[in-house]
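J.: Structure in structure tokens, see below.
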Amino acid sequence: MAALKKRYYQKIDEEVYSAILDNGMSLSIIKKKGFLEKAAFLSTNFGALDNHFYIDGELQSYPAGIAHFLEHKLFEDEQGRDVTLDFVKLGADVNAFTTLEKTTYYFSTLDHFEESLEVLLKFTSKFTSSEDAVNHEKRIIEQEINMYQDDPDYRVYLGCLQSLYPNTILGQDIAGSVDSIEKITVKDLKDNFDCFYRPANCHLVLVGDFDVEDIYTFVKEKQSEFTLPERIVEKEKNPIESDIQKLDSLQMEIFISKLAIGFKSVPFTDNRMRENILVQLLFNLLFGWTSPYYQNWYAEGKIDESVSIEYEVSNRYSFVIMTMDTAEPIRMSSLIRQVMTSADKKRLLTDEALDLQKKALYGEFLRSLDNIQNLGSQYLAYFENDKTYFDFGQELMSITSKDLKDFLNHYLSNIEITDFVVFPK
Numbered sequence: 001m002a003a004l005k006k007r008y009y010q011k012i013d014e015e016v017y018s019a020i021l022d023n024g025m026s027l028s029i030i031k032k033k034g035f036l037e038k039a040a041f042l043s044t045n046f047g048a049l050d051n052h053f054y055i056d057g058e059l060q061s062y063p064a065g066i067a068h069f070l071e072h073k074l075f076e077d078e079q080g081r082d083v084t085l086d087f088v089k090l091g092a093d094v095n096a097f098t099t100l101e102k103t104t105y106y107f108s109t110l111d112h113f114e115e116s117l118e119v120l121l122k123f124t125s126k127f128t129s130s131e132d133a134v135n136h137e138k139r140i141i142e143q144e145i146n147m148y149q150d151d152p153d154y155r156v157y158l159g160c161l162q163s164l165y166p167n168t169i170l171g172q173d174i175a176g177s178v179d180s181i182e183k184i185t186v187k188d189l190k191d192n193f194d195c196f197y198r199p200a201n202c203h204l205v206l207v208g209d210f211d212v213e214d215i216y217t218f219v220k221e222k223q224s225e226f227t228l229p230e231r232i233v234e235k236e237k238n239p240i241e242s243d244i245q246k247l248d249s250l251q252m253e254i255f256i257s258k259l260a261i262g263f264k265s266v267p268f269t270d271n272r273m274r275e276n277i278l279v280q281l282l283f284n285l286l287f288g289w290t291s292p293y294y295q296n297w298y299a300e301g302k303i304d305e306s307v308s309i310e311y312e313v314s315n316r317y318s319f320v321i322m323t324m325d326t327a328e329p330i331r332m333s334s335l336i337r338q339v340m341t342s343a344d345k346k347r348l349l350t351d352e353a354l355d356l357q358k359k360a361l362y363g364e365f366l367r368s369l370d371n372i373q374n375l376g377s378q379y380l381a382y383f384e385n386d387k388t389y390f391d392f393g394q395e396l397m398s399i400t401s402k403d404l405k406d407f408l409n410h411y412l413s414n415i416e417i418t419d420f421v422v423f424p425k
């Protein structure tokens, strides 16, 4: 396999070393000189969307929530013991998360890094469980799902997502539903582990002030023990398509209405990083706290600091969801739609306004490089082909007002909009 390769980003003074290990696992070592904290991230290309895939051309289907369920179960060893305790003994903080496309396990520590890394590599390399243990975990995840049903912020976001992509896996909770997880078996979990936790489907990212050769040698030695038979697994690649549901709502015990307005489009470019930046710039210019629209609505008491804008861009989907607390959800929805469809918004896309937004976003990018845990997560999120998160700044600063206006024209030609409101009872 390829030897360790160094890549230096001169403008931001960052260096990353990468290699493909003998068992097929991707390794990235981000050297942060002078940092005391170290972190490791083990990520597999297996997320909430991957409950339908092909093995040797044959379709495999599993219940929604299986990736998240497997994330939970891997923290339990052969004796039913929580491996989190091993990290606690070593003074490390460990956690995991499942997204639409990935499952990631990570820890951070000031000491005993190699011992903690060995624990991480070991517990993510095998699956052992029983039907009783799986049934016990179902009750735990059911409680988690039910707990979120009482969270109005969660309900308004998921309700909007379900309206954007009704009757699709994208419109479901990452944890699945009580009904879907009830169908998950030990065999289902083992089959999915064997398909997606193969080293060749995993990426290990280490962040900290390492002796690069020493930590590389350590990882190679430990990973030489872990192999799984190769399987030809093909994930779904087609865009997720579904006619949107125009408007929906529910009532909860809250004091003020919560509005979510969702925007669904189709990809503009194969460069996912660039499209992600274009989406952020566009919505920040139109609806960010510095925009005149935001300032006017805030001054009139229509909105407050609760306004949030979430972006998700992939080759299979592209959506934005704005959420806010407002006493006038119907009026606010109408005003936001008017901004998106009026010619007036183009006056905001000036070179000066764009330059200010780019500088603000670039500043956030630079600050993120000094946050070990955020850096590792972003590096994994933006890792694609020959690009990494360290290319974000250069990609951002290359965008012109013409690029943004071209993107806006594409966006308006393909956009679909929906609302979801949680009203007070």
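Just so we're aligned, residue 1 is where the sequence shown starts under the UniProt record's numbering, counting upward by one. The beta-carbon is built from N, C-alpha and C at its ideal position, and this holds for glycine as well. These numbers come from a predicted model, not from an experiment.
Distance, Cα to Cα, I141 vs G176?
T.: Each residue's Cα considered, the two are about 9 Å apart.
J.: Could you have a look at Y148 and say whether DSSP puts it in helix, strand or coil?
T.: Y148: helix per DSSP, three-state reduction.
J.: Quick one: residues in its chain with C-beta nearer than 6 Å to the C-beta of I30, no 5 flanking neighbours on either side, listed in chain order?
T.: Hits under 6 Å: V16, V207.
J.: Please classify E76: is it buried, with 16 or more other beta-carbons within 10 angstroms of its beta-carbon, or exposed?
T.: Buried: at least 16 other Cβ atoms inside 10 Å.
J.: Assuming the contact rule is C-beta atoms closer than 8 Å, A327 and I254 should be a hit. Round their C-beta distance to whole Å, please.
T.: Wrong, their Cβ atoms sit about 12 Å apart, outside the cutoff.
J.: I'd like to know if the stretch 225-238 and the stretch 182-199 are in contact, where contact means that at least 3 CB-CB pairs between them fall below 8 Å.
T.: Judged by Cβ distances under 8 Å, the stretch 225-238 makes contact with the stretch 182-199, as three or more pairs qualify.
J.: Give a yes or no on whether the C-beta atoms belonging to L189 and V134 are separated by under 8 Å.
T.: Yes; because the gap between Cβ atoms is below 8 Å, this pair is in contact.
J.: Roughly how far, in whole angstroms, is the beta-carbon of T98 from the beta-carbon of L380, given that I think they are within contact range, below 8 Å?
T.: Rounded, the Cβ-Cβ distance is 13 Å, inconsistent with contact.
J.: Under three-state DSSP, which class holds M273?
T.: Residue state, collapsed to three classes: helix.
J.: Roughly how many angstroms lie between the CA atoms of F113 and A39, to the nearest whole one?
T.: Cα to Cα, the separation comes out at about 8 Å.
J.: Can you round the beta-carbon distance between S28 and V205 to whole angstroms, since I take them to be within the 8 Å contact cut?
T.: S28 to V205, Cβ: 5 Å. Contact.
J.: If you measure between the beta carbons of S180 and Y411, is that distance less than 8 Å?
T.: In this structure, Y411 does not lie closer than 8 Å to S180 by Cβ.
J.: Looking at C-alpha atoms only, which residue of K405, I336, N371, I169 is the closest neighbour of G47?
T.: G47 has its Cα closest to that of I169, out of K405, I336, N371, I169.
J.: Measuring only the C-alpha atoms, how far is F390 from Q378?
T.: C-alpha separation (whole angstroms): 9 Å.
J.: Expressed to the nearest angstrom, what Euclidean distance is found between the alpha-carbon atoms of A64 and N296?
T.: If you take the alpha carbons of A64 and N296, they lie about 42 Å apart.
J.: Could you tell me which uninterrupted alpha helix (DSSP H) segments, each at least 4 residues in length, are contained entirely in the stretch 144-194, listed from first to last along the chain?
T.: Those alpha helix (DSSP H) runs which fall completely within the stretch 144-194 and span 4+ residues are 152-164, 178-182.
J.: Kindly provide the ranges of any alpha helix (DSSP H) runs that are 4 or more residues long and lie completely inside the stretch 51-108, ordered along the chain.
T.: 66-74, 84-89, all fully within the stretch 51-108.
J.: Look at the alpha carbon of D111 and the alpha carbon of F210, and state the distance between them as a whole number of angstroms.
T.: Computed Cα separation, rounded: 12 Å.
J.: In the DSSP assignment, the alpha helix (DSSP H) including P373 goes from what residue to what residue?
T.: A quick correction: the sequence has Gln, not Pro, at residue 373. Note, Q373: alpha helix (DSSP H), 372-381.
J.: Could you check how far apart the C-beta atoms of T323 and V156 are, in whole angstroms? I think they sit under 8 Å.
T.: Their Cβ separation, rounded to whole angstroms, is 6 Å, which keeps T323 and V156 in contact under 8 Å.
J.: So who's on the other strand from I20, going by DSSP bridges?
T.: I20 pairs with S26.
J.: For G80, count the other beta carbons within 10 Å of its own beta carbon; 16 or more makes it buried, fewer makes it exposed. Which is it?
T.: It is exposed - the Cβ of G80 has fewer than 16 other Cβ atoms within 10 Å.
J.: Taking the C-alpha atoms as reference points, what is the distance between A19 and K359?
T.: Distance between the alpha carbons of A19 and K359 is about 33 Å.
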